[in-house]
Amino acid sequence: MQHFSGTVILGAGPSGLMAADILSRAGHPVRIYEAMPTPGRKFLMAGRGGLNITHSEAFDLFVQRYGARSQQLEPLLKRFGPQQVIEWMDKLNQPSFIGSSGRVFPTAMKAAPLLRAWLQRLNYQGVELLTRHRWRGWDEHQCLLIENAKGLQQLTANQVILATGGGSWRKLGSDGQWMPLLAQQGITTVPLQASNCGFVCQWSDHLRQHHAGSPLKGIRLHLNNELQQKGDLVITRYGLEGGLIYAFSAALRETLQQHSHADIWLDLHPDLSLEQLQARLEAPRGRRSLSNHLRRAGVAAIKAALVRDLQPECSFQDMAQLAHALKHCPLRLTGMRPIDEAISTAGGVCFDELTPELMLKRLPGVYCAGEMLDWDAPTGGYLLTACLSMGVHIAEAILKNTDAASQDLSIIPPLPRPTGTKQ
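Numbering (full-length UniProt numbering), first residue to last: 1 to 423.
Quick look at the structure:
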């Protein structure tokens, strides 16, 4: 059996790496065990199309995005929220910008440069990173069991941070295999469920064949005449995906569980009143074809196709009827895509099992962070910001308990830039 006189972190995702960053900066020994061959794989995947790391909206609105867990996460986000994420990136020589939607991205737009700079700093600060080491639970003496190519090893440490991810994107390391390991310790968990994923609905063969992959820009989605939001969707062969429907994941999932279907409706022209849209459609058509007339009125081909598919009774010769159909296009969702296709998962360790420092009450000295906890949030930078804030929160709790926190950790100093590096 081996003892590590410091903190062992299981998982090299955003929460684990951030905890390691804070701890090692204070001179605290840190060792990270990562099951995959390289660290931060899901983080890299999240940045494949542009790393949306946080959001610039007002803090009160930002916190509301966490729904039922807003109360638990608010103090963490006040300590390390969007502004601190931006400052943290700056200190890694990774400047950011705010997009037109208010989302915040690194100027490089990719996750790889940020991850490289981050890992370089962790190495500089003395963090040990061991890959291809998988956590297999505890033995009868409460020693950690770590499996590598040489077999199982027993390990104890002063503190342990569990940050092994949720249950989506199994091939990137988040496989949820920790759930039974915690259950064996008597820790209550909520089953993992897909979040920020595609939703299933019934398209005609024609729509599927001719419009799968088509974007729906700047529309408004309504649910239960209460929830509504404007954004973008993408038509897929199975249904819908995109940031707009991801924002409704929690509410739609609950509705589907209760009723086996969820009815939504789309306003395909939310920036126009019904009267304004009707006036455009009733403008003289002349010798133009119907499709050209609709295009000139601002009705994209995919929107007309949706009306034909979902409201076959609508007459395209009656512009008043067509305008109403475009402003109120009903759609029934019948399911969610599998958990392994989801961007994130809901469910995990119940907050009742944790102290305010996110330490497991049943396992003193063992902390949980990131998607292992039972919380949920839409895409838009909310997921990453919360994961980073949990890493900060736990690290600072450990330092406080070990009397190692002697300075303000809110702004981490930059790693000295190597000579000859491009500015």
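Cβ coordinates follow ideal geometry from the N, Cα and C atoms, glycine included. These numbers come from a predicted model, not from an experiment.
For E140, there is no enclosing alpha helix (DSSP H), as DSSP gives it neither H nor E. The alpha-carbon of T107 is positioned some 6 Å away from that of P95. Closest in alpha carbon position to P330, among I394, D374, H222, is H222. Membership of Q257 in the alpha helix (DSSP H) is indicated by the continuous run 249-259.
Relative to the Cα of G50, the nearest Cα in the group P75, L182, Y66, R103 belongs to R103.
For the pair G167 and L192, the CB atoms are nearer than the 7 Å cut-off.
Shown here, L221 sits in a strand according to DSSP, grouped into three states. Taken in chain order, the unbroken stretches of alpha helix (DSSP H) that lie wholly in the stretch 66-148 and span 4 residues or more are 70-79, 82-91, 112-124.
Excluding five sequence positions before and after M36, the CB atoms of its chain that fall closer than 6 Å to its own CB belong to G173, given in chain order.
Three or more pairs of CB atoms, one per stretch, sit closer than 8 Å, so the stretch 263-275 contacts the stretch 210-220. G137 and C143 have their alpha carbons spaced roughly 8 Å apart. For L227, the closest of A262, D376, Q276, C201 by C-alpha to C-alpha distance is A262. Between the C-alpha atoms of A250 and S195 there is a straight-line separation of about 7 Å.
If you check the CB distance, G40 and L162 do not come in under 7 Å. Rounded to the nearest whole angstrom, the C-alpha separation of F248 and L373 is 20 Å. Under a 10 Å Cβ-count criterion, Q2 is classified as exposed, with fewer than 16 other Cβ atoms of the shown protein chains found around its own Cβ. Here the C-alpha atom of G391 lies approximately 8 Å from the C-alpha atom of A20.
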